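Protein chains in written order, with this note's numbering: chain A, 678 to 991; chain B, 440 to 809. Heads up: the structure comes next, in structure tokens.
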């Protein structure tokens, strides 16, 4: 499969002190939707801006469709569509004027009418940008990227702060672009977005890729298939949580244990083996269950398992 | 932006279709158009760039209009000899327009301190008088001289030289004639610095500059479009203010329109360059605002906008003349008021070119798009 975006041993150090990216490797294939997933401050935006050629890396190698920014910047710009994390477009231009302005920079752009229609902005074509809702603004930002008829679409947190309906609209647009053969690289800190949209993703933390694969693959490899969460009633002076956690770990089919203030989450391969054993162990301790649920493992569990932190934690 | 829209037929197209080819200057044209539309839709811009200078010219023109000669208020301290002094003043050969009040010493001095009188006359009782005046107040000095002349003439002094005074307040030498070219220069500086410097930092803060460099936009075209929009505005600014001066204050414009437009255009670009330099690194509009004011402040004071810089000490005159706004104001005044040809103004024009050119080159080196 052709490689659309590649970077090797990417590093970025700000002011000689802050290491935002520390040796990051990625290989994104043409036609796939690839996600960079990670908490705020993980280095996602720095990474994507280096790939977009907007920020020079401190060291490392980047190539886009086989070309490098040093050699062929102007030509490469024709192939990319970019939506930055926060661009405040001019409020006193209309939607159509804004799209026309961006279209004018490219040699062979798409017609703005077509893009307006695709992004459901036709009704708003003559409204000032300042009058748009958050979802409409975000669609406009994506429209300014799509009007160039790009081969690769870069989206930095495209749905942050949007209502559920606007998020779905954007997902549909991204899928449609991919369906036409386009390559997408997006960053997000939403698990559901990554799970639904991305063919493959890289989990980024502290400027490094800590896991990579398809969402299902990552969950399978790292999350266990199921999560059993329970809490014990607090009667009796019982054993310290550390010792208890050791007990849970030895139960059949349990892969990992996480204890968050008394709420224990077990990563479990086969719940029909683990749950009866768990009930037996609780009884043996002379305790009672206060709460018990099971659910499918998610990327969130993968992330917590890898980093010990939740994605949305600051 | 009325590019013909070719609406796709049928529902949403599955395949994006390329429907047009853009030429070399398409980006520049759209950038310029977008800038002009934005300015037009910003009522504050219209006010500060076009209306405010007119209001300033109107206000100052009225405040400093050539008034008929005013009477000079003087106080005579009541006592022995005050009546004589008063009748002497009234008997002066050319009756000066004195407004005389006779008061006791305390009240007279108090009135003088408050600026109610320009001069206090205190008869010494032996036919002589004592003048109280303030050497730092021009009108007080004038009052002393005039009162003294009047008293001496009334007392029988004979002038040995025959003199004749001719009053002159022709268009061309009035305050408003001095003021309007100064306002023009100041306005070109203001709008150049704000129009370029502030606009750029605002776009940088909004990450719009970064978004633009993420496209194949030519950076030179972007700056060129910004400069072009300044020149278009400049023509309107200068035209309005000059027309205003001509219509309301019967100002005479001696220089050619082409020469004035050339000087104004050069000034506009010079301050555009300085504005670009000011904006080359700043990330926040607050910091660039401070910087712009810092750069402009000395020129408001020294460059002869509202009053002639000849009043400053001779030592700093060369420095003042090296400021770009001084060169611009002098060039505009010489061209508008005296019709001096451009060839006689090459030094002033060079000063502008050097300021603008150096600023522009430094700005290109330092400018941050992100």
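Glycine included, every Cβ here is placed at the ideal spot set by N, Cα and C. Keep in mind that this is a model prediction, so the values were computed, not measured.
Check, Outcome
"So if DSSP puts residue 690 of chain A in a beta bridge, which residue, or which two residues, is it bridged to?", "A:696"
"Hey, would you say the C-beta of residue 680 of chain A is under 7 Å away from at least one heavy atom of the ligand NAD?", "In terms of ligand content, the structure shown is empty, and the ligand NAD therefore cannot be addressed."
"May I ask you to list, following chain order, the residues of the segment 744-766 of chain A that have a beta carbon less than 7 Å from some beta carbon of chain B?", "751, 754, 755, 759, 761, 763, 764, 765, 766"
"Spatial neighbours of residue 835 of chain A within its chain, please: C-beta separation below 7 Å, excluding the five flanking residues on both sides.", "760, 815, 819, 847, 863"
"To the nearest angstrom, how far is the alpha carbon of residue 986 of chain A from that of residue 748 of chain A?", "41 Å"
"Taking C-alpha atoms, which residue in B:546, B:655, B:586, B:614 lies nearest to residue 462 of chain B?", "B:655"
"From the beta carbon of residue 722 of chain B, is the nearest beta carbon of chain A less than 8 Å away?", "no"
"What is the C-beta distance between residue 928 of chain A and residue 908 of chain A, in whole angstroms, given that I count them as a contact (C-beta under 8 Å)?", "Not confirmed; about 16 Å, so no contact."
"Taking Cβ-Cβ distances shorter than 8 Å, what residues in chain A pair up with residue 477 of chain B?", "767, 769, 770"
"Taking CB distances under 8 Å as the criterion, tell me whether residue 704 of chain A reaches chain B.", "no"
"Could you check the C-alpha separation between residue 485 of chain B and residue 798 of chain B for me, to the nearest Å?", "27 Å"
"If you draw a straight line from the C-alpha of residue 445 of chain B to the C-alpha of residue 780 of chain A, how long is it?", "Unreliable positioning characterises residue 445 of chain B in this predicted model, as indicated by a pLDDT of 41, which lies under 50. The coordinate reading is nonetheless provided below. So the two alpha carbons sit approximately 14 Å from each other."
"Excluding the 5 residues preceding and the 5 following residue 559 of chain B in the sequence, name in chain order all residues of the same chain whose CB lies nearer than 6 Å to its CB.", "514, 547, 551, 571"
"In terms of residues, what are the limits of the beta strand (DSSP E) holding residue 562 of chain B?", "558-562"
"Three-state secondary structure (DSSP) at residue 794 of chain B?", "helix"
"Select from B:780, B:676, B:791, B:516 the residue whose C-alpha is nearest the C-alpha of residue 766 of chain B.", "B:791"
"My assumption, with CB atoms under 8 Å, is that residue 627 of chain B sits in contact with residue 707 of chain B. Please give the rounded CB distance.", "5 Å"
"Grouping DSSP H, G and I as helix and E and B as strand, with all else coil, what is residue 882 of chain A?", "strand"
"I'd like to know if the segment 789-799 of chain A and the segment 711-727 of chain A are in contact, where contact means that at least 3 CB-CB pairs between them fall below 8 Å.", "no"
"Given that residue 814 of chain A touches chain B, what residues does it touch there, using C-beta distances under 7 Å?", "Within chain B, no residue comes near residue 814 of chain A; the closest Cβ sits about 12 Å away, beyond 7 Å."
"Classify residue 469 of chain B as buried or exposed, calling it buried when 16 or more other Cβ atoms lie within 10 Å of its own Cβ.", "buried"
"Alpha carbon to alpha carbon, what distance is there between residue 714 of chain A and residue 952 of chain A?", "32 Å"
"Residues of chain A with CB closer than 9 Å to the CB of residue 645 of chain B, please, in chain order.", "763, 764, 765, 766, 767"
"Which residues mark the beginning and the end of the alpha helix (DSSP H) in which residue 704 of chain B is found?", "696-717"
"Quick one: list the residues of chain A neighbouring residue 465 of chain B, beta-carbon separation under 7 Å, in chain order.", "781"
"Where does residue 782 of chain A land, buried or exposed, given buried means 16+ other C-beta within 10 angstroms?", "buried"
"Among residues of its own chain, excluding the 5 on either side of residue 984 of chain A, which ones have a beta-carbon nearer than 6 Å to its beta-carbon?", "882"
"Any idea what DSSP makes of residue 524 of chain B, helix, strand or coil?", "helix"
"Does residue 825 of chain A come within less than 8 Å of chain B when only Cβ atoms are used?", "yes"
"Give the DSSP bridge partners of residue 889 of chain A, in chain order.", "A:879"
"Return yes when the Cβ of residue 639 of chain B is within less than 8 Å of the Cβ of residue 715 of chain B, no when it is not.", "yes"
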